[in-house]
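Peer 1: Below are the structure tokens for one structure; questions will follow.
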Amino acid sequence: MFGMDLPIFFAFLFILLLAILPFFLNPFLAHSRGRSILLWLILTLIFSWLATLVLAAMKPKKNN
């Protein structure tokens with residue numbers, strides 16, 4: 002496939018998914034924490050998984 006061996010293809014796919022996953026995860030985390038989604042997507046672009054860890058450590062916004 003694309004001139005690659007199968008294990009190399011799966012390794013490439015795994016690395017690609019690890020790079021893309023924060024862009025799908027962080028908007029949901031930012032929304033549940035009451036933070037700006039756009040700001041956290043920009044921070045994700047720069048800091049990637051570090052931004053995800055910071056968002057995950059924040060307490061969720063309480064609904065009153």
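Under this note's numbering, the letters of the sequence shown match residues 2 to 65, in that order.
Virtual Cβ for every residue (Gly too), placed ideally from N, Cα, C.
1) When you compare the CB positions of residue 56 and residue 20, do they come within less than 8 Å of one another, or not?
2) Can you tell me which of the three DSSP states residue 61 falls into?
3) In chain order, what residues of the same chain have a beta carbon less than 7 Å from the beta carbon of residue 38, not counting five sequence neighbours either side?
4) CA-CA distance, residue 41 and residue 8?
Peer 2: Straight from the coordinates:
1) In the sequence shown, residue 56 corresponds to position 55, counting from 1. In the sequence shown, residue 20 corresponds to position 19, counting from 1. Their beta carbons are not under 8 Å apart, which means residue 56 does not touch residue 20 by this criterion.
2) As a first step, residue 61 is located in the sequence shown; it is residue number 60 there, counting from the start. Three-state result, residue 61: coil.
3) Taking the sequence shown and counting its residues from 1, the one referred to as residue 38 is at position 37. For residue 38, where only same-chain residues beyond five positions count, the Cβ hits under 7 Å are 28, 31 and 32.
4) Numbered from its first residue, the sequence shown carries residue 41 at position 40. Numbered from its first residue, the sequence shown carries residue 8 at position 7. Using only the alpha carbons, I get a separation of about 34 Å.
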